[in-house]
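*Asks:* In this note's numbering, the protein residues as written are 1 to 97. Beta carbons are placed, not taken as given, at the ideal position from N, Cα and C, and that holds for glycine. For clarity, every value in this text was computed on a predicted model and none was experimentally measured.
(1) Can you tell me whether DSSP reads residue 5 as helix, strand or coil?
(2) Could you name each continuous alpha helix (DSSP H) segment of 4 residues or more that falls completely within the segment 31-92, going from the start of the chain to the end?
(3) Between the alpha carbons of residue 52 and residue 40, how many angstroms are there, rounded?
(4) Report the rounded CA-to-CA distance for residue 21 versus residue 11, giving the unit in angstroms.
(5) Considering only the beta carbon of each residue, do residue 37 and residue 84 sit closer than 8 Å?
(6) Going by alpha carbons, who is nearest to residue 15 out of 24, 8 and 7?
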C-alpha cells in the first residue's frame, strides 16, 4: 500500500521547521497505522512537491517515473525491504535512473 501525493508547497514546507510543521510521513501516520492493522505493507509515498510551479516537462517526468514504479512493483522487479527504509519512493526511483 502506498500513496501518490501532490503538494502545492515545496519539500521544505513539509518539515518540522517548515510552514506545515510536519513531514509528509508524519501526516500519513494514521493511514500507515490503519494499513498495519489490516496486515498490509505500507510503503513510503511517491510525492510531487510544488505542483503549481513545475513545468509540463517536469510533470511528464514525474508521470513517467510513477508509471515505471508501478510497473516494477507489478512485475516483481522491486526491492521491498530497501523501499521501506526510504522517506519517499521517489528516492527509490533515483536508484534505477
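*Replies:* Let me spell this out:
(1) strand
(2) 56-75 and 80-83
(3) 33 Å
(4) 12 Å
(5) no
(6) 24
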